[in-house]
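Remarks on the structure that follows.
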Amino acid sequence: AALLWGTILLACSCGPGPPRVGAAPLLAATYVLDDSNGLGREFDGIGAVSGGGATSRLLVNYQEPYRSQILDYLFKPNFGASLHILKVEIGGDAQSTDGTEPSHMHYENDENYFRGYEWWLMKEAKKRNPKIKLIGLPWAFPGWIGKGENWPYDYPDITAYYVVSWILGAKQYHDLDIDYIGIWNERAFSSKYIKLLRYTLDKHGLEQVRIIASDRLWEPISFVMMIDSELHGVVDVIGAHYPGTKTVQNAILTGKKLWSSEDYSTFNNDVGAGCWARILNQNYVNGNMTSTIAWNLVASYYEELPFGRCGLMTAQEPWSGHYKVESPVWITAHTTQFTQPGWSYLQVDGHLEGGGSFVALTDGLGNLTIIIETMSHNHSKCIRPPLPNFSVIPQRATFYLRGSFYMVETLQVWHSRLDFESGKSSLFQQLHPVKVWKGRFSLDLNVDEVYTLTTLKTGWKCEFPEPPPPQPFPSNYRDDFNIRNPPFSEAPNFADQTGVYEYFVNASDPGDHVFTLRQVVVQRPITWVSDADQTISVIGNFKWVNITVTCDIYIEKPRDGGVFIAGRVDNGGIYVRRTKGVFFWVFADGSYRVTGDLAGKEILMKGLAGVRDNAWHTLTLNIQGNSASGLLNGYPLWENVTISKPGNGWAALGTRSFEFAQFDNFHVE
Numbered sequence: 061a062a063l064l065w066g067t068i069l070l071a072c073s074c075g076p077g078p079p080r081v082g083a084a085p086l087l088a089a090t091y092v093l094d095d096s097n098g099l100g101r102e103f104d105g106i107g108a109v110s111g112g113g114a115t116s117r118l119l120v121n122y123q124e125p126y127r128s129q130i131l132d133y134l135f136k137p138n139f140g141a142s143l144h145i146l147k148v149e150i151g152g153d154a155q156s157t158d159g160t161e162p163s164h165m166h167y168e169n170d171e172n173y174f175r176g177y178e179w180w181l182m183k184e185a186k187k188r189n190p191k192i193k194l195i196g197l198p199w200a201f202p203g204w205i206g207k208g209e210n211w212p213y214d215y216p217d218i219t220a221y222y223v224v225s226w227i228l229g230a231k232q233y234h235d236l237d238i239d240y241i242g243i244w245n246e247r248a249f250s251s252k253y254i255k256l257l258r259y260t261l262d263k264h265g266l267e268q269v270r271i272i273a274s275d276r277l278w279e280p281i282s283f284v285m286m287i288d289s290e291l292h293g294v295v296d297v298i299g300a301h302y303p304g305t306k307t308v309q310n311a312i313l314t315g316k317k318l319w320s321s322e323d324y325s326t327f328n329n330d331v332g333a334g335c336w337a338r339i340l341n342q343n344y345v346n347g348n349m350t351s352t353i354a355w356n357l358v359a360s361y362y363e364e365l366p367f368g369r370c371g372l373m374t375a376q377e378p379w380s381g382h383y384k385v386e387s388p389v390w391i392t393a394h395t396t397q398f399t400q401p402g403w404s405y406l407q408v409d410g411h412l413e414g415g416g417s418f419v420a421l422t423d424g425l426g427n428l429t430i431i432i433e434t435m436s437h438n439h440s441k442c443i444r445p446p447l448p449n450f451s452v453i454p455q456r457a458t459f460y461l462r463g464s465f466y467m468v469e470t471l472q473v474w475h476s477r478l479d480f481e482s483g484k485s486s487l488f489q490q491l492h493p494v495k496v497w498k499g500r501f502s503l504d505l506n507v508d509e510v511y512t513l514t515t516l517k518t519g520w521k522c523e524f525p526e527p528p529p530p531q532p533f534p535s536n537y538r539d540d541f542n543i544r545n546p547p548f549s550e551a552p553n554f555a556d557q558t559g560v561y562e563y564f565v566n567a568s569d570p571g572d573h574v575f576t577l578r579q580v581v582v583q584r585p586i587t588w589v590s591d592a593d594q595t596i597s598v599i600g601n602f603k604w605v606n607i608t609v610t611c612d613i614y615i616e617k618p619r620d621g622g623v624f625i626a627g628r629v630d631n632g633g634i635y636v637r638r639t640k641g642v643f644f645w646v647f648a649d650g651s652y653r654v655t656g657d658l659a660g661k662e663i664l665m666k667g668l669a670g671v672r673d674n675a676w677h678t679l680t681l682n683i684q685g686n687s688a689s690g691l692l693n694g695y696p697l698w699e700n701v702t703i704s705k706p707g708n709g710w711a712a713l714g715t716r717s718f719e720f721a722q723f724d725n726f727h728v729e
């Protein structure tokens, strides 16, 4: 008691912040940090996911310097989020939350390691942090892998060959070493396939690539590993999603590394930051998890798609250059700037007496980092799972440093306070160092705070000048797709929601339509969610009401091929099947239709247009108020169709089925 009282008297002089005058005595508790009896689990790093899906879609067409600034905030060491891990989707040509990502093998005899933007993103991450760990994980697979079945495990040798090809292509074409590979995001696993994947990796000299399974729940993978020693031998990491900071006994008994391999997924305001701060600590404190990976890296997709702004930061306006470094970036920095994969956790309980948690990590060379969070229940709710009630109160924490840390004299202090009263949060501010007196220091902790105390002096809060102000999508936008060597395979701002749209060179065209946009997925993929039966790519401003869309179209599929242009498109992502809007279709049999839905069931008008396949035609859709009209090749084809809802939405183009079709000279006003 005398010792504790001495600590309380000392607290004012060595805790950051002014002493509390005339306040009720704080709850006081002591915690010991000691490495003399060995260390806890090895720390594997903090990361984020690009993909699952198309979450980085709009990032790629930001102009410089803004694009590089965004990447610096995410990946540059001692700068912003300073991420240790980047996990990307292995594109499977199918809807995987906010869009589709293209596969490196659309067809069996096709290989292309320059599609999409994940290769580019991994290279940009490595450029900034050569030590960053890379993970690949499929959400979906091209249809040919299942030979017509919506299942990737009937021909496990083909699936393993496909995934290993992606890893080999990363090295051969981009000099990227993939560190970890997953199985099938949040879907069933096959023990036979996982063993075959390990065999195929080893056969191709990829022994260093580690396997994560099963990116779903702790069970049944943990139980199956306990009874199947061969499976136990080939799985290196058990990855669970949204574990609510808890693990299960079987997972611990496997002796394997335990990761929260997808977590967060929460709107990136200060409550999202509170969620992130809490789980970054408590995934280890409660669940022995040594890595936590946020979905998603950066919200670079139209905000009205599912899970809008559920990224560590927001960059959804390439046309204006506007982006926002949200508070979760600085919460990340509290851990990432003062630890590295390969450090070890100390063996501590980690629960604070007054609520909240702390973790302590060391590099084994004398450095020590302590991260403390005191997030309250209502200010740290993640999107899932539901959060049981708990309380957090102001408290005084006294830490005793023992073992090799006894000689530490000062600790650098970084502090964040999420302020839900005024909305003026203080994020990642450096405070005066704490003096450690005979291995002891005290801190007064308020609610909704994060502290980092560390021997490292490398922390840095970097900030670029304010980016340009936000602007809506241009109200007059055109793209003729005339680009000989495009930097990316997809045209800017088009967000594919079923199917994949790529730049195409039409070598046989006499001149007007050499460079076009082409839909290239011709077989329904092995899907992750319910993709539409039609393909569709959306673009523009979701708030658009009165619009005119014009596009040249080319149906490639004879007899039953068809294409559309559309306005007021109200849905996408995982809900793409239920999309409504105003759809103007023309078909290879010469007919046309106007429908109020993507599925084509709500017919508003139909008739003959005289359109044929393998010829160019120009479609124009005009929507004003509650009336729509359509032109074919500049001449009225239909008019005065009454539109009741939706009242607003994106522009779009698409095809009747998974079929080749081309588009050119797109214009929306």
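Numbering (the working numbering), first residue to last: 61 to 729.
Just so it is clear, CB atoms sit at the ideal spot from N, CA and C, and this is done for glycine as well.
- By the neighbour-count criterion, in which a residue is buried when 16 or more other Cβ atoms sit within 10 angstroms of its Cβ, residue 615 is buried.
- Taking 7 Å as the cut-off, the beta carbon of residue 245 is found closer than this to the beta carbon of residue 197.
- Secondary structure at residue 370: coil, using DSSP grouped into helix, strand and coil.
- Selection 502, 93, 690 evaluated against residue 87 yields 502 as nearest (Cα-Cα).
- Closest in C-alpha terms to residue 165, from the list 581, 701, 591, comes 581.
- Distance between residue 516 and residue 258, taken at the CA atoms: about 39 Å.
- Annotation for residue 702: 686, 687 place their beta carbon closer than 7 Å to its own, counting only its chain and skipping 5 residues before and after.
- Linking residue 521 to residue 140 through their CA atoms gives a straight-line distance of about 6 Å.
- Counting only the Cα atoms, residue 498 lies some 7 Å from residue 466.
- Nearest in C-alpha terms to residue 360, of all of 707, 422, 371, 350, is 371.
- Per the coordinates, the alpha-carbon of residue 355 lies some 5 Å from the alpha-carbon of residue 325.
- Rounded to the nearest angstrom, the gap between the Cα atoms of residue 617 and residue 579 is 12 Å.
- Closest by C-alpha distance to residue 256, out of 318, 293, 548, is 293.
- For residue 400, no beta strand (DSSP E) encloses it, and the DSSP letter there is neither H nor E.
- The region 595-605 makes no contact with the region 115-127, as fewer than three CB pairs between them are under 8 Å.
- For residue 467, the three-state secondary structure derived from DSSP is coil.
- Note that the C-beta distance between residue 300 and residue 282 is not below 7 Å.
- Annotation: residue 387 to residue 328 spans about 7 Å, alpha carbon to alpha carbon.
- DSSP places residue 344 within a helical segment (H, G or I) once states are collapsed to three.
- Between residue 179 and residue 264, the gap from beta carbon to beta carbon reaches 7 Å or more.
- Under DSSP, residue 539 shares a beta bridge with 726.
- Residue 389 counts as buried, since no fewer than 16 other beta carbons sit within 10 angstroms of its beta carbon.
- Within 10 angstroms of the beta-carbon of residue 675 lie fewer than 16 other beta-carbons, which makes it exposed.
- Runs of the beta strand (DSSP E) lying entirely within the region 615-673 and spanning at least 3 residues, in chain order: 622-629, 640-647, 651-657, 663-668.
- In the DSSP assignment, residue 126 falls within the alpha helix (DSSP H) that extends over 126-135.
- The beta carbon of residue 518 sits closer than 6 Å to the beta carbons of 138 from its chain, once the five residues preceding and following it are set aside; these are given in chain order.
- With a 10 Å radius around the Cβ and a threshold of 16 neighbouring Cβ atoms, residue 304 comes out buried.
- If you draw a straight line from the Cα of residue 551 to the Cα of residue 577, it is about 8 Å long.
- A distance below 6 Å between beta-carbons, with the five flanking residues on each side excluded, links residue 477 to the following residues of its chain, in chain order: 486, 509.
- Contact between residue 718 and residue 559 is confirmed by a C-beta separation of about 7 Å, below the 8 Å threshold.
- Here residue 584 carries a coil assignment [DSSP, helix/strand/coil].
- Between residue 382 and residue 527, the beta carbon gap of about 5 Å places them in contact (Cβ cut-off 8 Å).
- Residue 612 sits in a strand when the DSSP states are folded into three classes.
- Take the alpha-carbon of residue 369 and the one of residue 342: they are about 24 Å apart.
- Beta-bridge annotation (DSSP): residue 418 is paired with 432.
- Note on the region 492-532: there is no whole alpha helix (DSSP H) run with a minimum of 4 residues.
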